[in-house]
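Residue numbers (the working numbering): 5 to 388. Built from N, CA and C at the ideal position, the CB exists for glycine as well. Being a predicted model, the structure only gives us computed values, none of them experimental.
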Amino acid sequence: MSATAVSQPPVVRGPVRRGRRTKHLVKRLRPGEIAVINHRNLDRVSAEDLIACGAAAVLNCNASAAADYPNMGPVLLVEAGIPLIELPDDAIFDAVRDGDRVEISGGEVRSGGRLIAVGVVQEPADVLAANEQRRRDIGGALVAFARNTVQHMVEEQDLLSGKIDLPRFDTDFRDRPVLIVVRGVDHQADLQALRPYVRDVRPVLLAVDGGADAILQAGFRPDMIVGDMDSASEAALRCGAELVVHAYADGRAPGRELLERLGLEHKVIPAPGTSQDIAMLIAGEKGAELIVSVGSQFNLVEFLDKNRRGMSSTFLTRLRLGERIVDAKGVSRLYRPSPGLAPVVFVLVAGVLVLVAVILATPALREVVDLLWLKLRVLLGGAP
Numbered sequence: 005m006s007a008t009a010v011s012q013p014p015v016v017r018g019p020v021r022r023g024r025r026t027k028h029l030v031k032r033l034r035p036g037e038i039a040v041i042n043h044r045n046l047d048r049v050s051a052e053d054l055i056a057c058g059a060a061a062v063l064n065c066n067a068s069a070a071a072d073y074p075n076m077g078p079v080l081l082v083e084a085g086i087p088l089i090e091l092p093d094d095a096i097f098d099a100v101r102d103g104d105r106v107e108i109s110g111g112e113v114r115s116g117g118r119l120i121a122v123g124v125v126q127e128p129a130d131v132l133a134a135n136e137q138r139r140r141d142i143g144g145a146l147v148a149f150a151r152n153t154v155q156h157m158v159e160e161q162d163l164l165s166g167k168i169d170l171p172r173f174d175t176d177f178r179d180r181p182v183l184i185v186v187r188g189v190d191h192q193a194d195l196q197a198l199r200p201y202v203r204d205v206r207p208v209l210l211a212v213d214g215g216a217d218a219i220l221q222a223g224f225r226p227d228m229i230v231g232d233m234d235s236a237s238e239a240a241l242r243c244g245a246e247l248v249v250h251a252y253a254d255g256r257a258p259g260r261e262l263l264e265r266l267g268l269e270h271k272v273i274p275a276p277g278t279s280q281d282i283a284m285l286i287a288g289e290k291g292a293e294l295i296v297s298v299g300s301q302f303n304l305v306e307f308l309d310k311n312r313r314g315m316s317s318t319f320l321t322r323l324r325l326g327e328r329i330v331d332a333k334g335v336s337r338l339y340r341p342s343p344g345l346a347p348v349v350f351v352l353v354a355g356v357l358v359l360v361a362v363i364l365a366t367p368a369l370r371e372v373v374d375l376l377w378l379k380l381r382v383l384l385g386g387a388p
């Protein structure tokens with residue numbers, strides 16, 4: 005008998021759910037299903053969504069980490085114990101249908117006992133080591149990012165000069181705080197931390213695409229939704245918020261077609277930059293006194309995760325709005341919700357009850373209280 009035990013690769017079985025765009029797939033993915041995606045350089049937010057959905061495994065028909073920066077998607081999946089298998093092509097999209105049951109053993113994928121794909125299992129140690137190496141070699145990505153930022157600043161200078169034409173909105177921003185929610189890193193945790201702020205201050209809730217669903221999940225309703233509407237659910241689009249489609253500078257607006265098909269009223273803003281930038285610009289130009297940002301990109305990796313090779317529009321937008329923009333994490337640390345009168349009343353009542361109990365349990369104290377009560381009646385002119 006061999007003294008060395010050979011570990012067998014874990015076997016994963018379950019129904020598949022396909023989606024070439026991960027942010028659309030996670031709306032349909034159910035716990036225990038195997039996600040089939042085609043996502044080059046899997047980003048952090050998409051990985052967090054796959055984990056939250058309870059994916060049993062992830063079959064990626066693209067390179068999960070082929071970038072020159074340390075994208076965190078593969079790291080989060082393997083740390084969560086979710087098998088990640090990279091397939092050489094996307095043939096599996098035609099080999100199975102949603103709901104078909106498959107079996108994954110190592111890198112082999114079978115359906116009905118038939119081998120339909122062979123991929124490479126991403127071992128946790130290898131994923132972590134590769135990510136650390138990219139972190140050390142990030143200098144090249146930083147230089148290219150800075151160069152692209154400078155080159156595109158001239159093209160997007162209208163964001164700084166204020167030449168973007170904004171329509172009249174039903175939502176009133178004048179002299180009010182605005183909370184902008186973007187589907188980004190830690191956006192759910194930030195929004196949860198800001199629940200007391202939303203409850204007490206009642207800011208305008210401005211969602212960027214999928215941020216509308218995050219606001220609804222937190223128990224609130226967005227006042228306005230801005231974006232191309234591709235990652236917001238139909239329920240969010242129908243929640244009663246004012247809808248603003250961000251169109252390309254040349255006027256093309258894919259989101260307009262969706263809203264027209266749903267029969268929803270909307271406004272269109274053709275402008276350069278991202279929907280997040282346009283949302284901030286709307287709030288600032290319409291007179292918001294403070295703009296609190298939740299989920300927006302703040303570092304190199306987060307920008308590159310969103311496939312943005314520069315930050316010219318974001319830089320120009322923030323430069324125009326200045327000190328009115330505040331990071332949500334900063335607000336959650338600075339803001340302290342008022343406790344209200346309930347805790348104070350509770351402490352006072354509890355103190356009185358304890359005092360009464362002590363008096364009743366101590367004969368000497370009862371005599372003192374009786375004496376004090378008698379003197380009080382005499383002072384007030386009552387009969388002894």
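If one requires a minimum length of 4 residues, the alpha helix (DSSP H) runs lying completely within the region 154 to 238 are 162 to 165, 191 to 197, 199 to 205, 215 to 221, in chain order. Considering only Pro-87, Leu-119, Ile-108, the residue with the shortest C-alpha distance to Glu-127 is Pro-87.
Contact check for Ile-273 against Val-296 fails: the beta carbons are separated by 9 Å or more. By the neighbour-count criterion, in which a residue is buried when 16 or more other Cβ atoms sit within 10 angstroms of its Cβ, Pro-171 is exposed. Tyr-252 and Ala-222 have their alpha carbons spaced roughly 31 Å apart.
Counted as a single uninterrupted DSSP element, the stretch harbouring Leu-119 is not any alpha helix (DSSP H) but the beta strand (DSSP E) occupying residues 118 to 122. In this structure, Arg-225 lies away from Leu-285, with their beta-carbon atoms at least 9 Å apart. Judged by DSSP secondary structure, Asp-98 falls within the alpha helix (DSSP H) whose first and last residues are 96 to 99. Non-local beta-carbon contacts of Ala-236 in its own chain, meaning distances under 7 Å to residues more than five positions away in sequence, involve Asp-213, Gly-214, Ala-216, Asp-217, Ile-229 in chain order. Membership of Lys-27 in any beta strand (DSSP E) is not indicated; the residue belongs instead to the alpha helix (DSSP H) covering 26 to 29. Residue pairing of Pro-274 in beta bridges, as defined by DSSP: Ala-251. Counting along the chain, the unbroken beta strand (DSSP E) around Arg-17 starts and ends at 15 to 23. Residues of the same chain with a CB within less than 6 Å of the CB of Ile-89, apart from the 5 flanking positions on each side, are Leu-63, Gly-111, Gly-123, Val-125 in chain order. Within the region 36 to 101, complete beta strand (DSSP E) segments of at least 3 residues are found at 38 to 41, 61 to 64, 88 to 90, given in chain order. For Arg-105, the uninterrupted beta strand (DSSP E) segment begins and ends at 105 to 109. Note on Val-131: 16 or more other CB atoms within 10 angstroms of its CB, so buried under the neighbour-count rule. Comparing C-alpha distances from Glu-289 to each of Ala-275, Val-202, Val-147, Phe-177 shows the shortest one belongs to Phe-177.
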